[in-house]
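Some notes on the structure that comes next.
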Amino acid sequence: MYGIIIFLLFAFMEMGISYFTKNLEFPLLSFGLFCFLLPLGEFSVRRYFRLEAQIQNVKEIQTFRKDRSEDSSKTRISNLDQNVYVQKISEMFENEKVYLDPELSLRKLASLLQIREDQVSYIINHNFKMTFSSLLNQYRINEAKRLLQRKEANILNIAYSVGYQSKSAFNSIFKKLTKMTPTEFQKLHS
């Protein structure tokens, strides 16, 4: 801003001097232009270095967040005795048959274990080598297979009794895991 004012001041002074002296040379105008460009150059250089510093800060923050997110899930779970929770999950699925609850979710299981959802997910993924939903479906379908071996068993009732809320979901998952429909399985094993 000051550079523009100085430039205009020298330009008007030069025009006034040249009008009265009838001299058409503009040495003051060159000096005014220099005074205008000097602060502009200084501003540009300062802005460049400030922008460089901001970019560096953003890169450091991104690196820190990435490292923290990778480490935090590992350290959060390392504070737990994983074997105890693996045993509890196995017991809940095999003895208490929590998988029969149609409302069972990762959140509900975490609440039952009194730990966070991400911790339950980590334990299941790393110790059972599958996701929560895969583990849940595996137990539900194994129970359904056991029940389907009875001749009088109704497929829809079995679907509801093992925790599925629709026959289509049950049929789809059953076929995915056993490579046959519940009806085909029942005919083959009863």
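The opening position of the sequence shown corresponds to residue 1 in full-length UniProt numbering, with each subsequent residue numbered one higher.
Don't be surprised by glycine CBs; every beta carbon is placed ideally from N, CA and C.
Measuring only from the beta carbon, is R46 closer than 7 Å to any heavy atom that is part of the ligand FAD? Absent from the structure shown: the ligand FAD. Ligands present: none.
CB R107 to CB E117, shorter than 8 Å? yes
On the three-state DSSP scale, how would you describe E91? helix
Please go through the same chain and pick out, in chain order, the residues whose beta-carbon is closer than 7 Å to the beta-carbon of K175, but skip the five residues on each side of it. T181
Please state whether DSSP places E96 in a helix, a strand or coil. coil
Spatial neighbours of P143 in its chain, beta-carbon cut-off 6 Å, leaving aside the 5 residues before and after: According to the sequence displayed, residue 143 carries Glu and not Pro. If we look at E143 and ignore the five residues flanking it on each side, its Cβ neighbours are V162.
The alpha helix (DSSP H) enclosing T183, as first and last residue numbers: P182 to H189
For F64, does the count of other Cβ atoms within 10 angstroms reach 16, so buried, or fall short, so exposed? exposed
Apart from the five residues just before and just after K151, which ones in its own chain have a Cβ nearer than 6 Å to its Cβ? S190
Given D101 as reference, the closest of N154, Y139 and K179 once Cα atoms are compared: Y139
Between the C-alpha atoms of S44 and K66, what's the straight-line distance to the nearest angstrom? 33 Å
Residue span of the alpha helix (DSSP H) that contains D118, given as start and end: E117 to I123
Buried or exposed for A159, going by 16 or more other Cβ atoms inside 10 Å? buried
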